[in-house]
Amino acid sequence: MKYQIHELSTRAIMRYTAETSSGVYKYNLTEDATNRCISFSAPTMQDDCALFYQIMCVLHGDDFKMPVGVEVIPDLSNILITVDFSGIFDRSATKKKYIDRQMQAESMFRPDGITLDFGKGSYKYLAFERSASMSRNSRLSFIRADFYEPVRRRIMLDMNIGLCQLSKLYAYNGLMLTSGFRIPDMSIWDEKRIVVVDNPVTPVYEANIITAEDDGIENAMRKYHRVEKKADIEVTEFDGEGLVSREFAEKMDMEFCGKHVHNSFQIRLPYIKGVVHEVDFKSLFAELAVPYIVDIWGEKHPIQDVDLILTKSMFKAFGWMTENGLSWAEYLARCKKYHHALYISGVNQTEPQRYTELNYQFLNTVSMTAEEFRPLDLPLGWKYSLEEDNRNWITKETEIAYYRLAADPASRKEYFIDALNRSEADKRSVLLAKILEKNPLFINEPIYTKELENKAQSLLKQYAIGRLIVSGDNRYLSGDLIRFILMLVKSVADVVDEYMGVVARLSRECYSETVAYAPGAAYPLNESYTLLRNPHIARNEEAVVSPPEYIGPLRQKYLSHLSYVIMVDSRTLIPERLGGADFDGDMIKTIADPLLNACVARNYKENDFDAYSHQSSIPLLKIPSPNSLILDANDWQARFQVIKSTFSTRIGQICNAAFNRSIIAYDENSDMAERERLQRETEMLEILTGLEIDSVKSGIKPDLTEFLSQKTVSCSSFLKYKSLVGEDNSQEWYEPTKNEKLNKFFDSVDWDNVTSNVERLPYLAKMLEENTPKIKVKPAEDSELFAFAQIANWQEALNPADMDYMKTLIADYKEALNRIRRSWHIGDIKMNRRNDIERILYARGQENDFTADELYSVFNSFDARWIKDLRNLLTEEQWHLMPLDEREKFLNLYLPYGTPEQYHVLFADFRHSGYRIFGDIIC
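If you're matching positions, the sequence shown starts at 172 in our numbering and goes up one per residue.
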């Protein structure tokens, strides 16, 4: 189910602002102006979420029922909108136009809000909430003023929150906007069924760390400096994860997909976020003869009544609930009062994985020789299967996969036939497999060859940008759930001594600190595994673990089904090493490639690796946790400053700056002194990346002037290539094509002198394609494909009803195809020529006066056939050669009645190839 939610461009809205006093702007848009601000390039339909349901309750009443059989709900289209602030706060406020934009944007957050008209009358809209993904993309929701207080009261459960860590309040209110599947079970709001337990906090003493310390100034923007030292680190165990009973997991999954195939669920409830893993703890506790568990408030709960066990770290409103004098039972009662529900925002995959993908950042940091990466004596392409070569190298699996798709007949068929063995295969894949199974000669038909070619090209593109295939899989990172059960039992045993024997029994099933349990792995057993998480900037950001030597009976019985989870000792620094990962649904890569693991393990062994404490002389990169700024949640200016800070994120710039340095920092052929300097800078940038990411919750941003404003290293050729392949295929007539740019790039690099493994990747991918002979496809004759047609009177064996149905289907298809060819709609072409329009506006100094979205909207309501006629008229009347007076007459005749004069002037202005604007929009 989806909702119709409009997105508006801030830059377009600013076109209609009026300054009422110094620095204060008013927004009062007419229906026509509002429509011109709608971004037609943005998706209009959005997935269901908790916030949409709450607004529907305010609109229709708490007893309303969700419509059945309706795919799109339009009810909220004039109540909640999304506003795009890109290009406003993510620009340095040093130029006047950016200063002006930010001042105008600030007025949108005032109590007066902005007035818009979506065809149902003028309404005031106020700045509201945003999800994490909206924050990353500079989007903020605005809600109609008459809905603001009722909806806010519902999502905040009538709690009064004044002075607080405002950035965290925004982040946790934003959980309501996370897309998810609603589980409509109001009986869950029962303190007997949902239990909150505490997170143990375990110290790790005298860890070697590299961290950053600020300058001591309590500002929202702080300057940090690098510090290397020994320090005690407190580790929050099971941060963000809990358990769900087998019975309730089955009920949720049946609601979610109609069958019980998932075991790990990312969930959202009011101010509750994390992942719960299905464990049959009721049977387990019965087997252990432990009748109850103890919650964070010291209350006992019979285990047979419990369905969800949450940790305190999952419950983001714990402090606010306490400040408001609410008990847990009262909190749940308010959830039920406002018809909140549990939402599933993600689940585990059900098919086991044999392979995962590396990324270029990790490839650049791992200690690896050129021979280990790709031996120099290997051919650049393959005329035979690589599997005949007994050696192992890092790019081997990727090259094998390409050879199979491009040059191996048996593997090309297997690519499709494999769908019959996958439970998650879609209907199309199954049908293609069955056709091929019936007659293998169909493999040379276009529907098969095009898919194989597209897959092979996609693989080459991934190869070129460092996404190499290696043995391993992707899993949820989790603490050891046997230790989680031990924690629950110990809270009982601390009060009643008779359960100490159970504690001892569970303790015997726990592992040493560097052992990881990954049930159901489809790849071969190895001596060690490497754990990775994105982004991966410095060498210090991976963990080496080993598989268990034994699996205890309780672990086998109650945890072995969690095949999408890897369990590590939550008391260690493993999550910290993985970029400060949590257990709340963070995905990590488990690398099972023996060669790659040997490269990583070698790096640790050479640096005094301690298997017991998981410490090493390779220091841990510790991201500091500054105290969030305390601000008034009811102060509109404070809310504006938090949004402004959030929308000015520079994570991509930091990662690129770090990568440019790491190319030299981890290249064994570089100058030693330069390597050491750039390695320190790379490590510092990794820490600053973490601070920048955390600023969404803390409200405190690092000062990056030292690294982003000063160019100390040249841009990596790899990043130049990555930028080129990321461009779209459109270009102006005077610009080189994308292929021409790529050819120029390859010609400009002396590949024989490139020493970095990562920087060689684009060249290796190009050579693999050029030097691997592809299968020459020759379609089979119709008589071979449809052998049954050679049988006399074969038509008589067909069901007449099926024949009539097929004739009707083919006729309907042809008619639909003809209608599509005749029709045309401005909103469906995704504004393919907006770059040309924006270039012309910029050249004429009008980029602040008009936006592409706004200009496209002028024609949005035009009839498709009228648009087609207008396109023909532009050619017949030679629009590009018209003198000014004839242009004006033409526009008066063909622009919609009431089109503002400013658009007439704009379209008639032919400076800097301005004649193209009119044609660009409708062509």
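In this text, a Cβ means the ideal position worked out from N, Cα and C, and glycines have one as well.
- Separation of the CB atoms of residue 337 and residue 804 is rounded to 6 Å, and the pair is thereby assigned contact status at 8 Å.
- Scanning the stretch 374 to 406 for uninterrupted beta strand (DSSP E) segments of 3 residues or longer gives nothing; none is fully contained.
- Excluding sequence positions up to five before and after residue 951, its CB lies within less than 7 Å of the CB of 612, 615, all in the same chain and listed in chain order.
- Residue pairing by DSSP places residue 739 opposite 650 in a beta bridge.
- Note on geometry: alpha-carbon atoms of residue 334 and residue 472 lie some 34 Å from one another.
- Counting along the chain, residue 808 sits inside the alpha helix (DSSP H) bounded by residues 807 to 817.
- Residue 450 is not a Cβ neighbour of residue 688, given a cutoff of 8 Å.
- Every unbroken stretch of the beta strand (DSSP E) spanning 3 or more residues and falling wholly within the stretch 429 to 455 is given here in chain order: 435 to 440, 443 to 449.
- With a cutoff of 8 Å on beta-carbon distance, residue 535 and residue 790 are scored as not near each other.
- Residue environment analysis places residue 487 among the buried positions, since at least 16 neighbouring C-beta atoms fall within 10 angstroms of its C-beta.
- By the CB criterion at 8 Å, residue 213 and residue 187 fall outside the cutoff.
- The stretch 855 to 914 is shown to contain whole alpha helix (DSSP H) runs of 4 or more residues at 876 to 879, 888 to 897, in chain order.
- By the CB criterion at 8 Å, residue 708 and residue 860 fall inside the cutoff.
- The criterion of a C-beta distance shorter than 8 Å is satisfied by residue 208 and residue 180.
- Annotated as proximal: residue 737 and residue 649, with beta-carbon spacing under 8 Å.
- Each residue's CA atom was taken as its position, placing residue 766 and residue 917 some 30 Å apart.
- Residue 758 carries a strand assignment under DSSP once its states are collapsed to helix, strand and coil.
- Cβ-Cβ separation between residue 763 and residue 642: approximately 4 Å, consistent with a contact (criterion under 8 Å).
- Selection 254, 175, 269 evaluated against residue 227 yields 175 as nearest (Cα-Cα).
- For residue 395, the CB contacts under 6 Å within the same chain, skipping 5 residues up- and downstream, are 383, 385, 873 in chain order.
- When Cβ pairs closer than 8 Å are counted between the two stretches, the stretch 538 to 555 is seen not to touch the stretch 462 to 482, the count staying below three.
- CA-CA distance, residue 980 to residue 987, rounds to 10 Å.
- Going by DSSP, residue 701 is part of the beta strand (DSSP E) stretching over 700 to 703.
- Here the alpha carbons of residue 434 and residue 281 stand approximately 46 Å from one another.
- DSSP places residue 200 in the coil class of the three-state scheme, outside both helix and strand.
- Taken through DSSP and simplified to helix, strand or coil, residue 826 comes out as helix.
- For residue 355, the secondary structure class from DSSP, reduced to helix, strand or coil, is coil.
- By the CB criterion at 8 Å, residue 725 and residue 669 fall outside the cutoff.
- Residue 175: member of the beta strand (DSSP E) spanning 173 to 175, first to last residue.
- Positions of the beta strand (DSSP E) runs, each at least 3 residues long and wholly inside the stretch 237 to 265, are given as 251 to 255 in order along the chain.
- In the three-state DSSP reduction, residue 286 falls in the strand class (E or B).
- Linking residue 817 to residue 542 through their CA atoms gives a straight-line distance of about 44 Å.
- With fewer than 16 other Cβ atoms inside 10 Å of its own Cβ, residue 189 counts as exposed.
- Secondary structure of residue 1049 (DSSP, three-state): coil.
- Contact annotation: residue 350 and residue 218 have beta-carbon atoms nearer than 8 Å.
- About 5 Å separates the beta carbons of residue 1025 and residue 183, which is inside the 8 Å limit, making them a contact pair.
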